[in-house]
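Those letters in the sequence shown? Residues 14 to 356, per our numbering, in order.
A quick write-up on the structure given underneath.
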Amino acid sequence: MMVSYLGHFQYGYTLLLVHHPASLLVSNLTREEVKSLKYFWFILSPAVIFFPIGGVTGIVLFKVLVDKYGRKCLLLLNNTLAFFASVLLCISNSVHLFKFTLFANFIIGISSGIFSCCVPLYLLEVSPTPIRGFMTATSAFFFSLGVLLGHTLGLPQVLGNKEGFPFMAMLLGIIATICILLLINCPESPRFIFIQKKNETKAREVLRSLRVQEDVGNEIRELQEEEFYEVLANEKKMTLWKFLHVAKFRWPIVTIVTLMAGSQLSGINGMFFYIEKVYMSMALPRSISDIITSGIHVIIIITVVVTVRSVWSFWGSFSCSRPAPQLSPLGTPPCGSLVLSRA
């Protein structure tokens, strides 16, 4: 479990590492290159956009590789990729070559895209059925913790300067190395072994080691049912267009799109990436803005902890069950945005 949580921690940390202040990202440009303001903004745009392009590439690669090589192997490959990206960032700061920074951002984007898909999947498939939801929700805590660490180390008084940036990049490589060492001794997903590799004996062995018990018949039967329905639905030949035309999948798709849209459009991404500009426009001193931002990250972590506990201990006992904690946050961002727009 800790390997998966470290993956989420690394994912959160890289978000703050890549979206570091622009002054550090462009510090490797020569004076001749920044003489022209147009050229300056032209070269800065790729520094920002290479990360999301890499993220989309990583998600596409995940779809191609996850069933071919397995969850564990893909996580090993991805951590190797993150280590390589951290080396590139360190080199770019040492040799003052901005192209290394662009390429490193692209590689980190690929790594983050794969992490965002593979880590939850691996965590879901190795966790016992009764606590799968809890384990998946807990991973959000480690993501927020990684974001907080990235912000804290990114403060000018700590490592948020030209001399300290290589150490921030080096930490990414250290986390990736720890994940690789831990993953070597971790088992492959029993679902991948059973359904993709068609090896029931090995799947039983892995389940016994994960559950620390001999009787894993119920989980084997669940895997057999999953395999049966995959064959029945002809999942391998299922395209997105065909998937949207299946009536029984429409409501789940609407639910997923609604929740993901609410999450992505809540304004949290804007807060992460543009909060410094907002504070600068308000003429706030850097020391005060850093304290406010740190406080926001701490509040996010506290909210995640309270939410995880509340979903299972409080809301689960009412008839409204989980839709209440899922839908109630969707109304909060519009209210906050209205208040901010009038401020």
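Beta carbons: idealized from backbone N, C-alpha and C, even for Gly.
For clarity, every value in this text was computed on a predicted model and none was experimentally measured.
Nonlocal neighbours in the same chain, by C-beta distance under 6 Å from residue i, ignoring five residues either side
{"i": "leucine 90", "result": "none"}
{"i": "serine 99", "result": "Ala182, Leu185 and Gly186"}
{"i": "threonine 27", "result": "Ile121 and Ser125"}
{"i": "asparagine 92", "result": "Ala189, Cys192 and Ile193"}
{"i": "glycine 20", "result": "Phe128 and Val132"}
Inter-residue spacing [alpha-carbon to alpha-carbon] between residue i and residue j
{"i": "glutamate 176", "j": "threonine 165", "result": "16 Å"}
{"i": "alanine 376", "j": "valine 16", "result": "This structure gives no information on residue 376, because the portion of the chain shown stretches from 14 to 356."}
{"i": "isoleucine 233", "j": "arginine 217", "result": "7 Å"}
{"i": "arginine 204", "j": "glycine 275", "result": "31 Å"}
{"i": "leucine 195", "j": "proline 169", "result": "33 Å"}
{"i": "tyrosine 18", "j": "serine 307", "result": "22 Å"}
{"i": "glycine 83", "j": "serine 202", "result": "8 Å"}
{"i": "lysine 211", "j": "cysteine 192", "result": "28 Å"}
{"i": "leucine 223", "j": "tyrosine 292", "result": "49 Å"}
{"i": "isoleucine 127", "j": "glycine 230", "result": "32 Å"}
{"i": "serine 294", "j": "isoleucine 305", "result": "15 Å"}
{"i": "threonine 70", "j": "valine 77", "result": "11 Å"}
{"i": "lysine 255", "j": "glutamine 237", "result": "24 Å"}
{"i": "leucine 136", "j": "proline 298", "result": "42 Å"}
{"i": "valine 225", "j": "isoleucine 208", "result": "22 Å"}
{"i": "serine 330", "j": "threonine 320", "result": "Confidence is the limiting factor: at serine 330 the pLDDT is only 44, short of 50, which leaves the residue's position unreliable and the question unanswerable from this model."}
{"i": "leucine 29", "j": "isoleucine 309", "result": "14 Å"}
{"i": "aspartate 80", "j": "leucine 88", "result": "13 Å"}
{"i": "threonine 268", "j": "glutamine 277", "result": "14 Å"}
{"i": "arginine 221", "j": "alanine 296", "result": "60 Å"}
{"i": "threonine 316", "j": "valine 219", "result": "35 Å"}
{"i": "leucine 134", "j": "isoleucine 288", "result": "32 Å"}
{"i": "leucine 272", "j": "glutamate 239", "result": "25 Å"}
{"i": "phenylalanine 155", "j": "arginine 263", "result": "32 Å"}
{"i": "leucine 351", "j": "phenylalanine 178", "result": "37 Å"}
{"i": "glycine 25", "j": "alanine 153", "result": "9 Å"}
{"i": "valine 318", "j": "glycine 146", "result": "14 Å"}
{"i": "aspartate 228", "j": "glutamate 213", "result": "14 Å"}
{"i": "glycine 163", "j": "lysine 261", "result": "42 Å"}
{"i": "phenylalanine 75", "j": "glutamate 138", "result": "16 Å"}
{"i": "cysteine 348", "j": "valine 270", "result": "21 Å"}
Cβ-based burial, residue i [other Cβ within 10 Å; buried from 16]
{"i": "histidine 258", "result": "exposed"}
{"i": "cysteine 103", "result": "buried"}
{"i": "lysine 85", "result": "buried"}
{"i": "cysteine 199", "result": "buried"}
{"i": "isoleucine 144", "result": "exposed"}
{"i": "glutamine 23", "result": "buried"}
{"i": "isoleucine 206", "result": "buried"}
{"i": "glycine 67", "result": "buried"}
{"i": "aspartate 303", "result": "buried"}
{"i": "phenylalanine 241", "result": "exposed"}
{"i": "isoleucine 300", "result": "Checking the displayed sequence, the identity of residue 300 turns out to be serine instead of isoleucine. The residue is exposed, with fewer than 16 neighbouring Cβ atoms inside 10 Å."}
{"i": "valine 31", "result": "buried"}
7 Å Cβ shell around residue i - same chain, five flanking residues per side excluded
{"i": "phenylalanine 180", "result": "Leu172"}
{"i": "leucine 94", "result": "Ile120, Ile123 and Ser124"}
{"i": "isoleucine 361", "result": "Residue 361 falls outside the range modelled here, since the chain spans only 14 to 356, and no answer is possible."}
{"i": "alanine 117", "result": "Ala98, Leu101, Leu102 and Ser105"}
{"i": "phenylalanine 96", "result": "Gly186, Ala189 and Thr190"}
{"i": "lysine 215", "result": "Ile206"}
Contacts around residue i, its chain only, beta-carbon distance under 8 Å, and the 5 residues preceding and following it disregarded
{"i": "valine 311", "result": "Leu161"}
{"i": "isoleucine 72", "result": "Gly126, Ile127, Ser129 and Cys130"}
{"i": "glutamate 235", "result": "Thr142"}
The ligand MG heavy atom lying under 7 Å from the CB of residue i
{"i": "phenylalanine 116", "result": "This structure lacks the ligand MG, and indeed carries no ligand of any kind."}
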